[in-house]
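A quick write-up on the structure given underneath.
Residue numbers (my numbering), protein chains in the order written: chain C, 776 to 1497; chain W, 2 to 207.
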């Protein structure tokens, strides 16, 4: 299948919206182009006669109508849908009477004879007033429009996929059926045959299309059932059956349409059953199916229960067919809700943004219309005032609303430069990645943006401009942008050039930054070497000559230099590595002091990267606490427990020694603890002394950067190997 | 200071004759003297990385090439992985931290001499990274790559476990784990030599 995308989703949706408006306008036109008596006719269930509830000349209470223009009225003349009459003969007779009645009503004046013999001469209005349309008319028009628009909305994102196509087709079927029925079921008494017969056929066509499309939907989604040939055969047969009914090839076939709907329902149920089996072991597909099936079943089974089944059984619909159409709108509301929660049709919440945009556009049109209406109606003197209000308040507001929702801004040089430098000089990879996403969003405002594994060498367009592929750079992943400008446009060559320019800029900044960083690293290495060779050597000499009690102090100084040197040469360390170093060092120190260490290490590591100042301070604090423990606790065993949570590192150091009570030496221990508390506070952490049964227990907590969001495979997750 | 270490060395192995050299130049002279056929065998060499006239890493490479049976040991103030890694890759069979107590240093020296060298978390991480690097992954792993067991041992040491702790965790004896560490040292040296050969090939030197 050639994938030629000429229309953006927005273009398709707007086109669908216009079509829907046109159809709605046609409903209004045909309904209002009819003569109007204003008799508020209804059928008296008991007598089977037609009753006028509106006042007539000489009969202010109205009354039972015997005949109009000499033609005796029958209860069936008011029936909502002639397909419910049961036989071809009854329907033909009904249509013939409709034509006759319409001809009578279209004349200048018509004589209405009441059951009591009173004759009133009425002058029918040539046009029906819009406010006399019953609520059921609007329910049907709206239900059809909702079904059609939701279908179009899903389809406009995936115009080449089977399931959205069937779903849209069902919406089309619903609108055709509901709009046709809206016209004839809300007629006052009669429609001309040349209008009624096509409308009746349209209604049947739409109903058939709806059943066919829903069957097709569940045959294809979430899993493809049977073989392609079988699916086509089932749908083909069903279509043929509907066609036979539609063309009156079988006697009394129009009532059989309800039977066909019943067959559709059975097929749909069977398909849903098969889908439940087919989606075993596919929880995502299962959830989507559950939601889709629930919506469809509530809608269609509800309709069958209140309209289809009673008619099939030879009775009358329980609920006016007009209101029953509202049940179908339930389906589409359900789908729209499910779309955001379960990614039905693989669409996500982003699909709603397109709706919001169109909603805002529609709102502006409506507001404009209202304003024009108000200005027309208001007294002349108000016109000037109105104009000033419009100029000062409304127009700026309208402009703002438009820009908020629809503004398509092209980034200027300054903004591009700021965005790109922000990425190139981001403090860490996570930030860089999110800043890139932010820049791309500001450049193109795509509905969907995903990190992809393998990107192109240079920015590229695919799917005829619906997708822009952004390549990976030395520290940002490759990205795929879909549906630019919230789905209101496609990518063009100019946008591609813009992406290329941004990329070239980004790469230049990155290499400049690398060169600078390399220089800084060389300088740091020099400082580290000097510290190592000069300060370290002196400390070492001092240590071997110093009295034994001074040695631990010098050894700690050396350990600090070691950490500083590490910080100068390397940049970030994983939490694992920092804890590993600390454990290694602690084992040795405690062993030398004759204290056992209980520090379990679990299998799962934590590869989060810590910045130098975090691990330097963590190491210093930990070292200090272990020193205290060795010097003052008089412990036999030290216990260390490390717990790293989403954004918190908790370390507990405990011992079985003398405890921190009044006997605890304060002079050095106190200082060390205060020092440790200060270091932790500076990093947003804290130190606590939970009560312990025996010995001392110290708990330090330290906020950690959020766990590194593992990018898709193929994206380097750490800056160069240590 | 060197004399201090020399004393510790002499005390650890009582039958050794200990000589010290203060610069790369004198050390090289001593090396050529020791390479002479009639010279007494060189058993162990403690090499400082920062020498006044050059790098101890160079000397370790030369020593490992000329007298493979001798045991070169890096001595350093820091178990700073960047420096140590290069020295180990050049052929050092262990390292000593000079800030330890004499007893600890003696213990470590005996361990190295027995073929049970130390391996700090920092170095374990670096070795793991070395063998995980793309250049290594593409290579045949039969001789220079790490086995799953060796990788496991390295990972545990990298998380700060001692050799006995790692052994308990893996259900092995201390001796076996120490043996793995020794093999890891050898593989690092072999793979680095292979890399050098490959690099020389690439540049057309061989």
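For each residue, glycine too, the CB sits at the ideal point set by N, CA and C.
Note that the structure is predicted; figures quoted are calculated from it, not measured.
- Collapsing the DSSP output to three states places residue 1374(C) in coil.
- Cα atoms of residue 1411(C) and residue 1361(C): separation of roughly 14 Å, rounded to the nearest angstrom.
- With a beta-carbon spacing of about 4 Å, residue 1430(C) and residue 1470(C) fall inside the 8 Å limit used to define contacts.
- The criterion of a C-beta distance shorter than 8 Å is not satisfied by residue 114(W) and residue 1367(C).
- Residues of chain C whose Cβ lies closer than 7 Å to the Cβ of residue 99(W) are, in chain order, 1315.
- The segment 150-160 of chain W makes no contact with the segment 50-58 of chain W, as fewer than three CB pairs between them are under 8 Å.
- Closer than 7 Å at the C-beta level to chain C, one finds these residues of the segment 102-128 of chain W: 102, 105, 121, 122, 123, 126 and 127.
- One thing to note: residue 124(W) has its Cβ within 8 Å of the Cβ of residue 85(W).
- Rounded to the nearest whole angstrom, the CA to CA distance from residue 1248(C) to residue 175(W) is 46 Å.
- Here residue 1454(C) is buried, its C-beta having at least 16 other C-beta atoms within 10 Å.
- The segment 912-919 of chain C makes no contact with the segment 876-893 of chain C: fewer than 3 CB pairs, one atom from each, lie closer than 8 Å.
- With fewer than 16 other beta carbons inside 10 angstroms of its own, residue 1005(C) counts as exposed.
- Around residue 1335(C), no beta-carbon contact reaches into chain W at under 9 Å, the shortest distance being about 11 Å.
- One finds 157, 160, 161, 162, 166 and 170 in chain W with Cβ atoms closer than 9 Å to the Cβ of residue 1376(C), taken in chain order.
- Taking a C-beta distance under 8 Å as the contact criterion, residue 150(W) and residue 186(W) do not qualify as a contact pair.
- Residue range 894-897 is occupied by the beta strand (DSSP E) that includes residue 896(C).
- Residue nearest to residue 1369(C) within the set 49(W), 148(W) and 105(W) is 105(W) (criterion: CA-CA distance).
- According to DSSP, residue pairing for residue 889(C) in a beta bridge involves 840(C).
- DSSP, read as helix, strand or coil, puts residue 82(W) in helix.
- Under the Cβ distance rule, residue 51(W) counts among the residues neighbouring chain C, one pair being separated by less than 8 Å.
- Contact check for residue 1253(C) against residue 1259(C) fails: the beta carbons are separated by 8 Å or more.
- Around residue 1362(C), the beta-carbon contacts reaching into chain W at under 9 Å are 161, 162, 163 and 166.
- DSSP, read as helix, strand or coil, puts residue 964(C) in coil.
- Leaving aside the five residues that flank residue 822(C) on each side, the residues in its chain whose CB is nearer than 8 Å to its CB run, in chain order, 839.
- Close partners of residue 1352(C) in chain W (Cβ separation under 8 Å): 122, 123, 126 and 159.
- Distance between residue 886(C) and residue 1166(C), taken at the CA atoms: about 56 Å.
- Looking at the DSSP output, residue 1254(C) sits in a beta bridge with 1226(C) and 1245(C).
- With its beta carbon less than 8 Å from one in chain W, residue 1359(C) belongs to the interface.
- Chain order gives no chain W residues near residue 1373(C), where near means a beta carbon separation below 9 Å; the closest approach is about 11 Å.
- When rounded, the separation of the alpha-carbon atoms in residue 921(C) and residue 1104(C) is 6 Å.
- Per the C-alpha coordinates, the member of 977(C), 1240(C), 924(C) and 1476(C) positioned closest to residue 939(C) is 924(C).
- Look at the beta carbons and you see the segment 958-978 of chain C not touching the segment 1005-1014 of chain C: under three pairs across the two are nearer than 8 Å.
- The beta carbon of residue 1143(C) is closer than 6 Å to none in its chain, skipping five residues each way along the sequence.
- At a cut-off of 8 Å between beta carbons, residue 1307(C) contacts chain W.
- Annotation for residue 159(W): the continuous alpha helix (DSSP H) segment containing it runs 149-159.
- Rounded to the nearest whole angstrom, the C-alpha separation of residue 791(C) and residue 1049(C) is 33 Å.
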